[in-house]
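Every letter in the sequence shown is one number past the one before it in full-length UniProt numbering, and letter 224, counting from 1, is 224. Beta carbons: idealized from backbone N, C-alpha and C, even for Gly.
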Amino acid sequence: MPDSADDVTRGFIVWAGSVLPGLAVTSRTLSDKTISEGVDVRLLGLEPRPSPRVANPPMVVALDYLVTVRAADPFAEQHAAAELLFAALDLPDCTIRTDLPAPALIATLGLTAAPAFILQMTLLRPRAAHHQAPLVRFPVVFRTTDIHALEGEVRGPEDVPVAAARVSLPGSRHSTRTDARGRFRLPGVPSGGDPVELEIQARGVTAKAEARPGHPVVIRLPLEV
1 MPDSADDVTR
11 GFIVWAGSVL
21 PGLAVTSRTL
31 SDKTISEGVD
41 VRLLGLEPRP
51 SPRVANPPMV
61 VALDYLVTVR
71 AADPFAEQHA
81 AAELLFAALD
91 LPDCTIRTDL
101 PAPALIATLG
111 LTAAPAFILQ
121 MTLLRPRAAH
131 HQAPLVRFPV
141 VFRTTDIHAL
151 EGEVRGPEDV
161 PVAAARVSLP
171 GSRHSTRTDA
181 RGRFRLPGVP
191 SGGDPVELEI
201 QARGVTAKAE
211 ARPGHPVVIR
221 LPLEV
């Protein structure tokens, strides 16, 4: 089974060569404007497809190819294009797209007009293995932690209260602002004996301070007067 898009392309080139042994089959990029006799295969695009409803479904990607046929003799060109299309209709995991007009795509890409069709093939890839978590074979113990609030005041020079200062707990979403008297109350802080670091921001100044739940703290900011 092909493991990559280029493997799918190589497989199609080998197959097309077996259908038309007298013509060269070449893979080209969309920007390649080379004109030569034979079959040119260009990857137009790729997009995901729904996975089949089976156990451990693989990822599925659809690959669209523009297939053009050119020959010096017009009858040989027509014969080769028709034979390749008939053979593709019997190719497993292959669809001929009729919703995309090949002549319009050829003109858009700036290629010389030639008999063409758009063929879609699928690429499957197994999903990464997911390891199942082991069963828990011992009782689960839940421990609760009391939640408290930090309280205090933010003051500037000469102990002037700082209003609207932002007080936050780094590493969390907990934050609040001081009132008109510089006071704040920051809820949602786990209890414990260790101090908690706070971050205070006001008037472009940022400072750090430590506080403990149940112990109001006075924080002084070095603001410019």
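Residue i, buried or exposed, once every other Cβ within 10 Å from all chains shown has been counted against 16
| i | result |
| --- | --- |
| LEU63 | buried |
| MET59 | exposed |
| ARG127 | exposed |
| GLU153 | buried |
| PHE86 | exposed |
| ARG155 | buried |
| ALA82 | exposed |
| PRO213 | buried |
| ARG42 | buried |
| ALA211 | buried |
| ALA116 | buried |
| THR68 | buried |
| ASP7 | exposed |
| LEU135 | exposed |
Helix, strand or coil at residue i [DSSP, three-state]
| i | result |
| --- | --- |
| LEU84 | helix |
| GLU37 | coil |
| GLY45 | strand |
| GLU199 | strand |
| LEU123 | strand |
| ALA76 | helix |
| ALA55 | coil |
Residue i - containing alpha helix (DSSP H), residue span
| i | result |
| --- | --- |
| THR68 | Taken as a continuous stretch (DSSP letters only), THR68 belongs to no alpha helix (DSSP H), being part of the beta strand (DSSP E) at 59-70. |
| ALA113 | Counting along the chain, ALA113 falls outside any alpha helix (DSSP H), and DSSP gives it neither H nor E. |
| ARG10 | 5-19 |
Under 8 Å between C-beta atoms of residue i and residue j
| i | j | result |
| --- | --- | --- |
| VAL25 | ILE13 | yes |
| ALA209 | VAL217 | yes |
| SER175 | ARG166 | yes |
| GLN120 | THR98 | no |
| ALA80 | LEU23 | yes |
| GLY182 | VAL162 | yes |
| PRO170 | LEU223 | no |
| LEU66 | LEU44 | yes |
| LEU150 | LEU198 | yes |
| LEU46 | LEU109 | no |
| ALA107 | ARG70 | no |
| ARG177 | ALA164 | yes |
| ALA16 | LEU84 | yes |
Residue range of the unbroken beta strand (DSSP E) whose run includes residue i
| i | result |
| --- | --- |
| THR29 | It is not in any beta strand (DSSP E) - THR29 carries neither H nor E in the DSSP assignment. |
| GLU224 | That residue, GLU224, is in no beta strand (DSSP E); it is neither H nor E in DSSP. |
| ALA128 | First-last for ALA128: undefined, no H or E at that position. |
| ARG137 | No beta strand (DSSP E) holds ARG137; DSSP gives it neither H nor E. |
| THR98 | Careful: THR98 lies outside any beta strand (DSSP E) and carries neither H nor E. |
Runs of beta strand (DSSP E) wholly within the region 150-195 (minimum 3 residues, chain order): Counting only runs of at least 3 residues, the region 150-195 fully encloses the following beta strand (DSSP E) elements, listed from N- to C-terminal order: 166-168, 175-177 and 183-190.
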